[in-house]
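Novice: Before I ask anything, let me first share the structure, which is written out below as structure tokens.
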Amino acid sequence: MSSEGDEDTIVCLPGERLCRIEDNVVLGIGTYEQNGYIYASKSGVVNIEESGENCQVVSVHKPGFHLTIPATGDVVTARVLVTTPKFAKCAIFCVRNVLLESSYRGLLRKEDVRETEKDRVDIYKSFKPGDVILARVINQMEQSFLLTTAETELGVVVAYASDARKTRVPMVPVGWSEMQCPLTTIKEPRKVAKVLPESTINTINAQ
Amino acid sequence: MAYVALSEAEKTFILHGVEEDFRCDGRSRRDYRPMELETALVSNASGSARLRLANTDILVGIKTEIDVPDPLTPEFGKLEFFVDCSANATPEFEGRGGSDLAQELVLALENAYESPLAFDYRTLCLIPGQQCWKLYIDILILECGGNLHDAVSLAAKAALHNTKLPRVTASLLDAGVTDLIISDNPYDCTRLTIDTVPLLVTVCKIGDYCLVDPSAEEEVCSPVSIVVSVSMRNGEAFLSGSHMTGGGAMHRDTMRNCLDLGLSIGEQLNTLLAKMLKQEEERVGPKRPKTVGFLK
Amino acid sequence: MLRVTQTKNTLLDGATIAEDLYTTPKDCEECFDSLELPGKNPTKLCPRSTFVRAGVLTTVRGSAYMEYGNTKVLAIVAPPHELMRASARRMNMGVINCFVNFAAFATGELESVPEREKHLGSMLTKALEPVVCRTEFLNFQLDIRVLILDDDGCLLSTAINCCGVALVECGISTYDLITASSACIYRDNVFLNPSAKEEELLRKHRGGHALAGSDNSSPTAALQEHGLITTASMDTFEQVAQCQQGGYLSPATYVKLLDYTLTINKSLRQIIRRVLTARVKEQHELDVREKAESALEDQRLAEIIERLKQQGLDDFIQTNIKEDPFVKR
Amino acid sequence: MAGNFELLSEQGLRLDGRRPHELRHIKCKLGVFEQPDGSAYMEQGNTKVLAAVYGPHQAKGMKAETNDVIINCQYSQATFATAERKNRPRGDRKSLEFKMYLEQALSAAIKSELYPRSQIDIYVEVLQADGANYAVALNVATLALIDAGICLNEFIVACTASLSKNSIPLTDISHTEEVSGGPMLTVAALPTAEKIAFLEMSERFHIDHLETVIETAMAGCREIRDILEAAVREHLLHIGSAADWARVG
């Protein structure tokens, strides 16, 4: 298998000249431009992808470990750490579908919790420490990422009932602003994300 | 360092000025900004100097102490540099804010003064292997308007020139105990020779050109600069230390050009400083010096 | 009259520390005599025997280990994280922090260790700044840690080389590969890749010797140049990333030493290239194999689902249940 | 030099030849530097102090929570300022104490209601210390604040005073007098309003003498105020001469 792979893989190292920049050749990840040429900025395998009308994206794919930093616009998974009247502090542990090695700090301000009626948002009625949320990165501040959940698909996905029992039971969403504990049937307010249940995704895939 | 925020247009303007050899303040690439020098203005210090290079203001005070020489170099005295970035220069330096910059300057100076050919440490020797002078060169940065390395080294050299070490006579008592008698007559003192003391010259690369004495704005525009320590010996320029700063890289040939520029500027600067020190000496005269300080 | 009475210095009294080798100028002299003198113009411009390996640690992502002769260095690059101090922020640039530590057994003299660690750290930061694409991690800091296991000279250059490999291994974008080497001149002898003994001679003695030849009585006598130069370069664009020099050199000697180190850097680059290419190939193969395995797994699952669809759920369960041998029929 | 050193000679002159009520020679200048919003330099005898003022600007960090003006001072002393070399320019107990006292005294003078939620930084750098360091630092800080155009209720000036063996009060204590013993009193005052903003005392006085010593210090304050005022006037005329103010003066 590897012998067959060897023939069409071009290994490159940082600083290696890959090709000339032309109208239909675009820089992908792991590359940079200098004096009209494309150079690699990472070690890895050169990847040329066709995209759209005879446009080629030259990128370098690094095998093994990927370095992922949340970028503006990425959907991230984060755990709420602290809630205050003005903001909630979170730890981002997953970017898109990549699990991070170490978490990054995220900050979710009160104004960015939902799209409408921003002035009536109460952080305490939207998140509790320990919740797992889906959020989008809107900006990078000096010491943390600014997050937003102002979309239907964003918000709390996993939350545990806040009573002091030892067995932590994940709550079930009932509506866009409430979650219910299946054991005690107590409802708690949350900014719930509208997530398609996993079973439906599976059946969709299977069909 | 105090950060100067520049827009792209401003940067381009500076860049074009450098290309035309006509910088924002009207200088050519090889010109220095006007300098003011005053020595002997801190009465508590053995030697002092204040240098103002346009907006960069440096005050240096030298204090002396008697110490034991290093066993490896029994004939050498000691120098110790200390840089303090006063919060007067910028609020960022408050508390320990300036310590990184101070550390960088101390390292550059220590590196430049390391060689005994650059600074003759033997002049600080009292009794070889037993007693030597230790000079504390305390540098205070009061305002920074760019080109700190050059200004600091100029001020340090001027302060060393101004330093008066009291004459010391030793008498050997029995059982190897030495008694040092330090003269308390302020006019009975020795001076240091500073001919070979190095000066730091920062050569800044902006665009494809090299220039000296960058202002704070020009420093922001420069991707890389090389700090050359130039020591004059028998009329020839020698390098007593150099390093690159700024986070950029340069081609070997560019580097050589920068080096050559730095050396020739260092030579001129040395003559200029010698001239200024002589003028200063004449101004002060044999009478009691009258300090102007910051009252000018 | 102010009198300063100094009792006899016990340290200089003779016997107390005389056992310690290398403490007086005479020892330096002897040490110098014991050295193999390479002469004024070195003939072989090549690095020492080098061993580099990327990815030596399993728990940390970007690690590299390098042996340069007897100098052994371990470098670790952690993924960038948020700035610790807001004040450290630079416009449009990430911040690099280098921390150098000596292993407790790395060096004989412990006194100067903290100072040397600090100095090496700041020099290393300066050398690595040009190579890293710092615009890619704005408002972040990149922590690079170096552990020195064995010190036999060329510490800074070996650390730069090792960090260069670790950066690539961690997947941090860099403009080029960075290589570094050092050379020194002492009493008219050019030492390439100086050993710890040679470096120490230079540093401690501080060219005390140089003065002997240049007494004021004979100003025409040749000057004893001395000095150490460490150069880091990036060869794709023939850029010098850092060139740090100490001592006392004439410009001509400086350029001569610079060119020596640049030549050595070129050959070091070949070694590092080989190692990194092998590393990429190795990891690529692993990736390919992993992909093939997961494809196989997917295929198996697809087959099961296919069967499930054809047979219906009950049937499927029936066919998959093994008969319980302990149940009586 | 122990405490039983006489501060006044038989002729009624002090160690440096001054009369008991005489101040040391004061020289000062406003606007020494370009970068700060306000700066000043002052020599009082051999005590030389520089001050720079930045602000008012937006308060930084957690301090921004309050509604009042934040006055942030830093007192540092050059390592070569004293006869004995100091290792640290700031951060020791003495300079932290002075920093606090400066903040206390200056907040009495600054019209704080004009600068809500703002911060004013005052950095004082002692280049040469020869007694009455705090007093000179405060005086020069006042000048720097004026140069920065920050509204003050009035000049805040400080002066030191001491008492000689035969109960004659002395104004403006020099370093030699400080170390030769005797009580020392530092008063920071708003002279026109005759208010004392800060008072510090070392060693003991007889309570009967306290009033006369304070009065001496206050007299010193008034005298210094006049000198500072003249300096400010002169500076303003100098600055304003470009705008043809000089004729108005």
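Chains as they are written, first to last, in the UniProt record's numbering: chain A, 1 to 207; chain B, 1 to 296; chain C, 1 to 329; chain D, 1 to 249.
The C-beta atom is built at its ideal place from N, Cα and C for all residues, glycine as well.
Touching or not, the segment 119-137 of chain D and the segment 44-53 of chain D, by the rule of three or more beta carbon pairs under 8 Å?
Specialist: yes
Novice: Since Thr-179(C) contacts Leu-268(C) with CB under 8 Å, what's their CB separation in whole angstroms?
Specialist: 4 Å
Novice: In chain order, what residues of the segment 64-87 of chain C put their CB closer than 7 Å to some CB of chain A?
Specialist: From the segment 64-87 of chain C, only Pro-79, Pro-80, His-81, Glu-82, Leu-83, Ala-86 have a Cβ closer than 7 Å to chain A.
Novice: So, are the CB atoms of Gly-106(A) and Ala-150(A) less than 8 Å apart?
Specialist: no
Novice: Would you tell me roughly how many angstroms separate the C-alpha atoms of Gly-181(D) and Ser-112(C), rounded to the nearest one?
Specialist: 44 Å
Novice: Can you list, in chain order, the residues of its chain with a C-beta nearer than 8 Å to that of Pro-47(C)? Leave out the 5 residues immediately preceding and following it.
Specialist: Tyr-68, Ser-181, Asn-193, Ile-264, Ser-267, Leu-268, Ile-271
Novice: Does the beta-carbon distance from Gly-155(A) to Ile-133(A) come in below 8 Å?
Specialist: yes
Novice: Rank His-81(C), Lys-72(C), Cys-31(C) by C-alpha distance to the C-alpha of Leu-72(B) and give the top, closest one.
Specialist: Cys-31(C)
Novice: Go through its chain and collect everything with a Cβ distance to Pro-56(D)'s Cβ below 8 Å, but skip five positions before and after it.
Specialist: Val-69, Tyr-115, Ser-118, Gln-119, Ile-120, Ile-150.
Novice: So, does the segment 23-35 of chain D touch the segment 79-97 of chain D, judging by three or more C-beta pairs under 8 Å?
Specialist: Here the segment 23-35 of chain D makes no contact with the segment 79-97 of chain D; the two share fewer than three CB pairs at distances below 8 Å.
Novice: Does the separation of the CB atoms of Phe-140(C) and Leu-83(C) fall below 8 Å?
Specialist: yes
Novice: Apart from the five residues on each side of it in sequence, which residues of its chain come closer than 6 Å, Cβ to Cβ, to Lys-194(A)?
Specialist: Thr-152, Glu-153
Novice: Is there a Cβ from chain C that is less than 8 Å from the Cβ of Ala-155(B)?
Specialist: no
Novice: Do you know offhand how far Thr-254(B)'s Cα is from Lys-128(A)'s?
Specialist: 59 Å
Novice: Check the Cβ-Cβ distances between Val-56(C) and every residue of chain B, and say whether any is below 8 Å.
Specialist: Put simply, the CB of Val-56(C) is far from chain B, with every gap to its CB atoms at 8 Å or more.
Novice: Identify the residues that DSSP records as bridge partners of Val-95(C): which are they?
Specialist: According to DSSP, Val-95(C) shares a beta bridge with Gln-141(C).
Novice: DSSP on Leu-67(A), reduced to helix/strand/coil?
Specialist: coil
Novice: For a cutoff of 8 Å on Cβ pairs, would you count Gly-248(B) as touching chain C?
Specialist: yes
Novice: How is the alpha helix (DSSP H) around residue 300(B) delimited, first residue to last?
Specialist: Summary: the structure shown does not reach residue 300(B), with chain B confined to residues 1 through 296, and so no result is reported for it.
Novice: For a cutoff of 8 Å on Cβ pairs, would you count residue 339(C) as touching chain B?
Specialist: The question about residue 339(C) has no answer, for chain C in this structure spans 1 to 329.
Novice: Can you tell me which of Gly-73(A), Tyr-104(A), Val-58(A) puts its alpha carbon nearest to the alpha carbon of Pro-79(C)?
Specialist: For Pro-79(C), the closest C-alpha among the options Gly-73(A), Tyr-104(A), Val-58(A) is that of Tyr-104(A).
Novice: Give the C-beta separation of Thr-230(C) and Asp-152(C) to the nearest angstrom, bearing in mind that I take them to be a contact with Cβ-Cβ under 8 Å.
Specialist: About 15 Å separates the two Cβ atoms, so there is no contact after all.
Novice: Which residues does DSSP list as the beta-bridge partners of Ile-48(A)?
Specialist: Val-58(A)
Novice: By the DSSP assignment, the beta strand (DSSP E) with Gln-195(D) in it spans what residues?
Specialist: Here residue 195(D) is Lys; the residue named in the question, Gln, does not match the sequence. Where Lys-195(D) is concerned, the enclosing beta strand (DSSP E) stretches over 195-202.
Novice: Is DSSP giving Leu-83(C) helix, strand or coil here?
Specialist: coil
Novice: Quick test of the definition: if touching needs 3 or more C-beta pairs under 8 Å, does the segment 107-119 of chain B touch the segment 38-56 of chain B?
Specialist: no
Novice: Give the straight-line distance between the Cα atoms of Ser-241(D) and Leu-143(D), rounded to the nearest whole angstrom.
Specialist: 20 Å
Novice: For Pro-91(B), return the contacting residues in chain D, with the cut-off set at a CB-CB distance below 8 Å.
Specialist: Tyr-54, Asp-121, Tyr-123
Novice: So who's on the other strand from Tyr-32(B), going by DSSP bridges?
Specialist: DSSP output for Tyr-32(B) lists no bridge partner at all.
Novice: List, in chain order, every chain A residue whose beta-carbon is nearer than 7 Å to that of Asp-176(C).
Specialist: Pro-14, Gly-15
Novice: Nearest to Leu-142(C) by alpha carbon, out of Cys-162(C), Ser-233(C), Val-77(C), Ala-278(C)?
Specialist: Val-77(C)
Novice: Count the CB pairs spanning the segment 26-46 of chain B and the segment 197-213 of chain B that are closer than 8 Å, and state whether there are at least three.
Specialist: Yes: at least three Cβ pairs fall under 8 Å.
Novice: Who pairs with Phe-102(C) in a beta bridge, going by DSSP?
Specialist: Ile-148(C)
Novice: Determine the burial state of Thr-174(C): buried for a count of at least 16 other Cβ atoms within 10 Å of its Cβ, exposed for fewer.
Specialist: buried
Novice: Closest to Gln-124(A) by CA distance: which of Pro-70(A), Ser-162(A), Ser-51(A), Val-46(A) is it?
Specialist: Note that residue 124(A) corresponds to Tyr in the displayed sequence, not to Gln. Ranking Pro-70(A), Ser-162(A), Ser-51(A), Val-46(A) by Cα distance to Tyr-124(A) puts Ser-162(A) first.
Novice: Could you work out which residues of chain C lie near Val-45(A), taking near to mean beta carbons separated by less than 8 Å?
Specialist: Result: Val-280, His-284.
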